[in-house]
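One structure is given below, encoded as structure tokens.
Numbering (the numbering used here), first residue to last: 269 to 387.
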């Protein structure tokens, strides 16, 4: 639900809520997590709704069984995991030790993405 390791606000959350509202979903669970986020902000605590909190609220408002949520969260992460596997298999020595402190990202440089989804 709440907090993000790298961002003060999870960039995916607003878009997920926007898509849900466009589909006619904006129920008590979505309203509740937004109210909690607002309370954290008013208390000067940086705990924004993260992607799991947004997905959970949307699924709950759709009437899904909460027992299915972890499976849905795993499905959402699968493309990223597959990309990591491909990168590891094509670029790195198998079974190497990765230093937990002294390591860095050497992939493509950050790029600017359009915010207009129709471009």
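Even for Gly, the Cβ is constructed at its ideal location relative to N, Cα and C.
Treat the numbers as computed from the prediction; the structure is a model and nothing was measured.
Taking the Cα of residue 375 as reference, the smallest distance to any Cα among 344, 281 and 352 is reached at 352.
Our two residues, residue 334 and residue 328, have alpha carbons roughly 7 Å apart in a direct line.
For residue 324, the enclosing alpha helix (DSSP H) covers residues 319-329. About 20 Å separates the CB atoms of residue 348 and residue 317; that is not less than 8 Å, and the two are not in contact. The beta carbon of residue 297 sits closer than 8 Å to those of 324, 325, 326, 328 and 329, all from its chain and outside the five residues before and after it, given in chain order.
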